[in-house]
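Peer 1: First the structure, then my questions, so here it is.
What follows is the structure in structure tokens.
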């Protein structure tokens, strides 16, 4: 099984397919990092709100 995977990867490397797949994966990660998939049910805020956070010692 391992030999099969290694042979397949070598073939993909020789044809340039492995580099293409790496580029596609990198591009997908960059796209979703900059513009993530929207969260279902989450809407835009209708008014600005801010909260002051304090650290309380126990």
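In my numbering, the protein residues as written are 65 to 122.
Even glycine gets a Cβ: it sits at the ideal position worked out from N, Cα and C.
It should be emphasised that the depicted structure is a prediction, and the values quoted were computed from it without experimental measurement.
1) Quick one: does the C-beta of residue 109 sit closer than 8 angstroms to a heavy atom of the ligand MG?
2) How many Å lie between residue 83 and residue 71 at the Cα?
3) Are residue 66 and residue 76 touching if we call contact CB-CB under 9 angstroms?
4) From residue 107 to residue 89, what distance separates their C-alpha atoms?
Peer 2: To lay it out plainly:
1) Within the structure as shown, the ligand MG is missing, as the structure has no ligands at all.
2) Sequence index remark: in the chain shown, residue 83 carries index 19 (1-based). Sequence index remark: in the chain shown, residue 71 carries index 7 (1-based). Answer to the nearest angstrom: the Cα atoms are 16 angstroms apart.
3) The residue you call residue 66 lines up with position 2 of the chain shown. The residue you call residue 76 lines up with position 12 of the chain shown. No, these two residues do not count as a Cβ contact at 9 angstroms.
4) By 1-based counting over the chain shown, the position of residue 107 is 43. By 1-based counting over the chain shown, the position of residue 89 is 25. Their Cα atoms are separated by approximately 29 angstroms.
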